[in-house]
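Numbering (our numbering), first residue to last: 36 to 222.
Glycine is no exception: its CB is placed at the ideal position from the N, C-alpha and C atoms.
Data first, discussion second: the structure below is written as structure tokens.
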């Protein structure tokens, strides 16, 4: 276990990264262009996410870039994933109100919400939707919003249905943290 002070973690995640060459390269090129130094890099073996560590004072510049990327001429899916990444950065900064606003938007309108509501999602879209739903639950939990538990249940239900074993632990961790505080016997 280690701790590094003044480090911000930025996670780029989404099913659209799996097997796509050049995603990491583009991320690193953009950050380099903005003179943002990457302190460390980690990537899940599933290729579903990549996490980088940067100095806290570079975090706002990184967020600015993500916001600019929303206005690029790109697919709807990519724009919603960029918004997801901004929400994750806010979560890492413990700005749960800002993160919740973004995850509410992601789970109720736009690409993922429309696909989920029309039941036209594939397994990877459902994985992303469950992650966003669980993240909204985490934000609500930290904001003391009682709807957190319902979002945890929804994310878990999706993950069980699609047999998403790699993210099930995230759901169970969220439940554990919730119940440790609200009903320790169930934790």
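Shown here, residue 84 sits in a strand according to DSSP, grouped into three states. Cβ contact annotation for residue 63 (same chain, cutoff 8 angstroms, sequence separation greater than five): 73, in chain order.
DSSP places residue 144 outside both helix and strand once states are collapsed to three, so it counts as coil. The three-state reading of DSSP puts residue 156 in coil, since its state is none of H, G, I, E or B.
Contact between residue 169 and residue 187 holds, since their C-beta atoms are separated by about 7 angstroms, short of 8 angstroms.
When the beta-carbon positions are compared, residue 197 and residue 162 come within less than 8 angstroms of each other. The criterion of a C-beta distance shorter than 8 angstroms is satisfied by residue 91 and residue 43. Beta-carbon to beta-carbon, residue 71 and residue 85 are separated by about 15 angstroms, too far to satisfy the 8 angstroms threshold. Burial state of residue 138 is buried, judged by a 10 Å Cβ sphere holding 16 or more other Cβ atoms. The C-beta of residue 157 has fewer than 16 other C-beta atoms within 10 Å across all chains shown, which makes the residue exposed. Judged by DSSP in its simplified three-state form, residue 221 adopts helix. Of the residues 122, 83, 200 and 40, the one whose Cα lies closest to the Cα of residue 141 is 122. Three or more beta-carbon pairs separated by less than 8 angstroms link the stretch 126 to 137 to the stretch 171 to 179, which places the two stretches in contact.
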